[in-house]
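Taking it in order: structure first as structure tokens, then the write-up.
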């Protein structure tokens, strides 16, 4: 008889477990950023080509989310989660063995497919287990813990580069996620109401999601706010290492500073919820993002430290808002939660991939494009929120 420790019963351990599976995507991206210029030099290719391994990772990641959500509604969160973690470990080892940039891109696409499963399951599991205010707090605490991953990942990547090879980065990713895979054996299934039809018909359940106009409208209005975060992920090594000539180590610290803004924003969210209603707090966050994006446009052209400060502020307000927005979006559905969670994250990530592609071009105006994108998204989301907030219950 197998005896399994039930981590589901311990809130603190359960949040840490969710953070472990939720940290898989940022580990796969942020730890790798400092290596992009190094790989380009080693293989004698352009940085924009190596950057495709980042952009297409996000495309693969986003598209796979649409697969895992419905499957988890049919077969449960646990098997989907564990299958994705296993695929991530295998593909990370293959990335380590890449012989050229095209192999690396192909294996990164596989890695993105694996990383999508834990990302989709985090929101679905939270929706299964928590309700209302409890879920809002859980997402805020989760956001605080999750922000540690992008904070330390670039520094780990820079350290591993200093040991001699970028391949150590993928080997480390495989090892860390292998540990998460082992811990996931202790996770007990959370879904209560599974889809009972034929397995292939589960994908038609997206019709219920798409016909839920409240969900679709809220998702489109608020989900796009994360776009600038992904633009920063792609543009930061270009700006700090490529344009300003900073070392990989200095880049790691500057990226960690921005990631601290994400953690601090999520933490402030948990404190502010005691005093401010969620919808009002969303308005404050979106207004703060508009202010920070305006400062970025006005001052970042003159010095790198203005760029650093205003991207920090933008990240702070966006990540203070994300637990609130994600909770508000997922509150609009009562059935097909896995599918809705996957589509929500898919929307955010596909828009994020577009933002990454926009700032990764070979043109000579990348800083201008980056700043314009930040400002345009902040203003668009704020206007959209003003129109929809009165229609939400």
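Residue numbers (my numbering): 4 to 396.
All C-beta atoms in this analysis are idealised placements derived from N, C-alpha and C, irrespective of residue type, glycine included.
All values reported here derive from a predicted model rather than from experimental measurement.
Can you find the residues in the same chain that come closer than 8 Å, C-beta to C-beta, to residue i, ignoring five residues on each side of it along the sequence?
i           : result
residue 311 : 257, 260 and 261
residue 220 : 391 and 394
residue 179 : 30
residue 4   : Here the model assigns residue 4 a pLDDT of 38, short of 50, so the residue's position is not dependable, and the following value carries that caveat. Excluding sequence neighbours, residue 4 sits near nothing in its chain.
residue 207 : none
residue 50  : 39, 40, 43, 241 and 245
residue 52  : 43 and 104
residue 254 : 36, 37, 157, 161, 239, 240, 243 and 244
Are residue i and residue j touching if we call contact CB-CB under 8 Å?
i           : j           : result
residue 76  : residue 342 : yes
residue 346 : residue 65  : no
residue 160 : residue 35  : yes
residue 231 : residue 380 : yes
residue 238 : residue 369 : yes
residue 273 : residue 143 : yes
residue 103 : residue 363 : no
residue 171 : residue 123 : no
Comparing C-alpha positions only, which one of the options sits nearest to residue i?
i           : options               : result
residue 47  : 105, 349 and 161      : 105
residue 183 : 85, 155 and 226       : 85
residue 173 : 156, 265 and 187      : 156
residue 213 : 336, 351, 290 and 355 : 336
residue 88  : 208, 372 and 186      : 186
residue 297 : 363, 373, 357 and 72  : 373
residue 352 : 51, 304, 54 and 67    : 67
residue 325 : 270, 300, 253 and 101 : 270
residue 371 : 278, 279 and 304      : 304
residue 217 : 357, 334 and 355      : 334
residue 69  : 45, 361, 279 and 210  : 210
residue 136 : 357, 354, 330 and 45  : 330
Counting only the same chain and skipping the five closest in sequence on each side, list residues whose C-beta sits under 6 Å from that of residue i.
i           : result
residue 268 : 319, 322 and 323
residue 251 : 37, 161 and 164
residue 340 : 127 and 130
residue 316 : 295
residue 264 : 315, 318 and 319
residue 242 : none
residue 74  : 83
residue 6   : Low confidence applies to residue 6: its pLDDT is 45, below 50, so where it sits in the model is not reliable, and the reading given next is rough at best. Excluding residues within five positions, none has a Cβ falling inside 6 Å.
residue 398 : What is shown of the chain runs 4 to 396, which leaves residue 398 out entirely.
residue 299 : 313, 374 and 377
residue 354 : 227 and 230
With a CB to CB cut of under 7 Å and the five nearest residues on each side skipped, what residues in its chain are close to residue i?
i           : result
residue 302 : 309 and 313
residue 91  : 27, 114, 117, 118 and 180
residue 176 : 30, 31, 34 and 95
residue 141 : 18, 129 and 133
residue 293 : 381, 382 and 385
residue 328 : 225, 228 and 285
residue 121 : 24, 25, 27, 84, 87 and 88
residue 98  : 107, 110, 111, 114 and 173
residue 59  : 108, 111 and 112
residue 101 : 107 and 110
Since I believe residue j is in contact with residue i (beta carbons under 8 Å), could you give me their beta-carbon distance rounded to a whole number of angstroms?
i           : j           : result
residue 94  : residue 107 : Going by Cβ atoms, the distance from residue 94 to residue 107 rounds to 11 Å, so no, they are not a contact pair.
residue 344 : residue 152 : In fact, because the Cβ distance is near 20 Å, the residues do not count as touching under 8 Å.
residue 275 : residue 57  : Not confirmed; about 33 Å, so no contact.
residue 125 : residue 24  : 6 Å
residue 240 : residue 139 : With 8 Å as the limit, residue 240 and residue 139 do not qualify as a contact, their Cβ atoms being about 34 Å apart.
residue 307 : residue 247 : 5 Å
residue 266 : residue 158 : Rounded, the Cβ-Cβ distance is 14 Å, inconsistent with contact.
residue 215 : residue 332 : With a Cβ gap of about 11 Å, residue 215 and residue 332 do not count as contacting.
Is residue i a contact residue of the ligand ATP, with contact defined as CB to any heavy atom under 7 Å?
i          : result
residue 38 : With respect to the ligand ATP, the structure shown offers nothing to examine, as it has no ligands at all.
Query raised in the report: Does the pairing of the stretch 382 to 391 with the stretch 277 to 290 give three or more beta-carbon distances under 8 Å?
Result: Because the criterion of three Cβ pairs below 8 Å is met, the stretch 382 to 391 and the stretch 277 to 290 touch.
Query - Cβ contact (3+ pairs, closer than 8 Å) linking the stretch 67 to 87 and the stretch 186 to 195 - result: yes
Query raised in the report: Counting pairs of Cβ atoms below 8 Å between the stretch 370 to 379 and the stretch 233 to 253, do you hit three or more?
Result: The stretch 370 to 379, when compared against the stretch 233 to 253, does touch it at the 8 Å Cβ threshold.
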